[in-house]
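**Student:**
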Amino acid sequence: MTESTSPPALVQIIRDQRNRQRRSLYRCCIVFITLLIVGVITTLLVGQSMTAPTEAFRAILGEEIAGVSFTVRELRLPRAVLACLAGASFGLSGAAFQVLLRNPLASPDIIGISAGAGAAAVFTIVFWGATGLSVSIAAVVSALVVALLIYLLAWRDGVAGGRLILIGIGIAAMLQSVTAYSLSKAPAWRLEEALRWLTGTLNGATLAQAAPVALTLVFCAAILLSHSRALSALQMGDDTASAIGVPVARTRLLVVLSAVGAIAVATAVCGPIAFVAFLARPIASRVARTGGPLLLISALSGAVLVLLADFAGQHLLPARYPVGIMTGVLGAPYLLYLLVRMHRKGGIA
Numbered sequence: 036m037t038e039s040t041s042p043p044a045l046v047q048i049i050r051d052q053r054n055r056q057r058r059s060l061y062r063c064c065i066v067f068i069t070l071l072i073v074g075v076i077t078t079l080l081v082g083q084s085m086t087a088p089t090e091a092f093r094a095i096l097g098e099e100i101a102g103v104s105f106t107v108r109e110l111r112l113p114r115a116v117l118a119c120l121a122g123a124s125f126g127l128s129g130a131a132f133q134v135l136l137r138n139p140l141a142s143p144d145i146i147g148i149s150a151g152a153g154a155a156a157v158f159t160i161v162f163w164g165a166t167g168l169s170v171s172i173a174a175v176v177s178a179l180v181v182a183l184l185i186y187l188l189a190w191r192d193g194v195a196g197g198r199l200i201l202i203g204i205g206i207a208a209m210l211q212s213v214t215a216y217s218l219s220k221a222p223a224w225r226l227e228e229a230l231r232w233l234t235g236t237l238n239g240a241t242l243a244q245a246a247p248v249a250l251t252l253v254f255c256a257a258i259l260l261s262h263s264r265a266l267s268a269l270q271m272g273d274d275t276a277s278a279i280g281v282p283v284a285r286t287r288l289l290v291v292l293s294a295v296g297a298i299a300v301a302t303a304v305c306g307p308i309a310f311v312a313f314l315a316r317p318i319a320s321r322v323a324r325t326g327g328p329l330l331l332i333s334a335l336s337g338a339v340l341v342l343l344a345d346f347a348g349q350h351l352l353p354a355r356y357p358v359g360i361m362t363g364v365l366g367a368p369y370l371l372y373l374l375v376r377m378h379r380k381g382g383i384a
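Read in order, the letters of the sequence shown correspond to residues 36 to 384 in my numbering.
Laid out in structure tokens, this is it:
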């Protein structure tokens, strides 16, 4: 064996590679955190009227300033906080599914989980006249039930990513039909509310709405991040993960429940903001230029995406658009590109 391939040299090569990956991840975190800080500050200061940074800071601390305190504390701050929390929830959930199933199409908004929440919410709004908490509970429960149904239908001596995606797309189509039927029967005064919820919006955001999203995000993120090593092993295949001691079935179940919980609560509050879960990890991967689960960076990526998309929809265009429309404009072309690329490679499985 030559000196260049001796065990000590190989160990050093592996150590250097890990150090480079770690530095890359740190730089990526710094980039996204910087963008988040800039985005939050800009959201607090910019609107129909500009607010001085000192006045905004004093208003956040509780000082009453005419024409500033209400705008900053009750309108802009809750919107920025909820954008960050919801985006992080969507990004974290999408990354967990994509890593677990080893497929970039395995995103909750592609495989029907978001469609389940949307169908339940619209049904309760249109036919039961539900509002507020009732709609949120229906969306959360429906998302969990749909996720369990997809998982069970895809089970055959394990869950193959391609099979789960195809089943999820089919169920999503059925649920979208339920949503379309509900909208067709909706009276005018309920149709507007249902459509506003379906679009995905941060309008009317409050800190009270952000609280359950924050609690769920912290809880689910703790579970997912504690299983990041197991997810890294699962990226190499179930057999490989099992061979090195990863409890595959238990890990899959915990990851699915945590990912669905995070996105279900965020969807219940903001509506199904399109394609954030789908886009967050690819963006994180491009910036980090490394592999691995990238759960934390995907959460930061999702938060930045929602925050900046909402700002663009509110302030950079001739008319105001909900954040879900802005993210949909970004996500749809990437989905088409990904489908074409995977078709050329021979399928999505």
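We treat Cβ as the ideally placed atom computed from N, Cα and C, and that holds for glycine.
Quick caveat: nothing in here was measured; it's all calculated off a predicted structure.
Which residue marks the beginning of the alpha helix (DSSP H) containing TRP224, and which one marks its end?
**Tutor:** Segment 223 to 234, the alpha helix (DSSP H) holding TRP224.
**Student:** Could you name the residues of the same chain whose beta carbon sits closer than 7 Å to that of ILE148, not counting the 5 residues immediately before and after it, in chain order?
**Tutor:** Closer than 7 Å at Cβ, skipping near neighbours: ALA178, VAL181, ALA182, VAL295, ILE298.
**Student:** GLY126 and VAL311 look like a contact to me (Cβ under 8 Å); what is the Cβ gap, rounded to whole Å?
**Tutor:** At roughly 6 Å, the Cβ-Cβ gap stays under 8 Å, so GLY126 and VAL311 are in contact.
**Student:** Where ILE360 and PRO328 are concerned, what is the direct C-alpha to C-alpha distance, given to the nearest angstrom?
**Tutor:** Near 28 Å, if we compare the C-alpha coordinates of PRO328 and ILE360.
**Student:** Look at the alpha carbon of LEU365 and the alpha carbon of GLU99, and state the distance between them as a whole number of angstroms.
**Tutor:** Cα to Cα, LEU365 sits roughly 39 Å from GLU99.
**Student:** So, LEU80 versus LEU266, is the Cβ gap smaller than 8 Å?
**Tutor:** Not in contact: LEU80 and LEU266 (Cβ atoms no closer than 8 Å).
**Student:** Whole angstroms are fine: how far does the CA of ALA323 sit from the CA of PRO222?
**Tutor:** Cα-Cα distance, rounded: 48 Å.
**Student:** Around the Cβ of ILE206, are there at least 16 other Cβ atoms within 10 angstroms (buried) or fewer (exposed)?
**Tutor:** It is buried - the Cβ of ILE206 has at least 16 other Cβ atoms within 10 Å.
**Student:** Measuring CA to CA, which of ASP274, GLU228, LEU140, LEU112 is closest to ALA245?
**Tutor:** If we check each option's Cα against that of ALA245, LEU112 comes out closest.
**Student:** Which residue spans inside the segment 142 to 193 form an unbroken beta strand (DSSP E) run of at least 3?
**Tutor:** Counting whole runs of 3 or more residues, the segment 142 to 193 contains no beta strand (DSSP E) stretch at all.
**Student:** For LEU288 and ILE318, which I take to be in contact (beta-carbon distance under 8 Å), what is that distance rounded to the nearest angstrom?
**Tutor:** At roughly 28 Å, the Cβ-Cβ gap does not stay under 8 Å, so LEU288 and ILE318 are not in contact.
**Student:** How far does the alpha helix (DSSP H) with ARG285 in it extend, from its first residue to its last?
**Tutor:** 283 to 305 is the extent of the alpha helix (DSSP H) around ARG285.
**Student:** Taking just the CA atoms, how far does LEU370 sit from GLY203?
**Tutor:** When rounded, the distance between both Cα atoms is 16 Å.
**Student:** Taking all protein chains shown into account, decide if LEU117 is buried (16 or more other Cβ within 10 angstroms of its Cβ) or exposed.
**Tutor:** Per the 10 Å Cβ criterion, buried.
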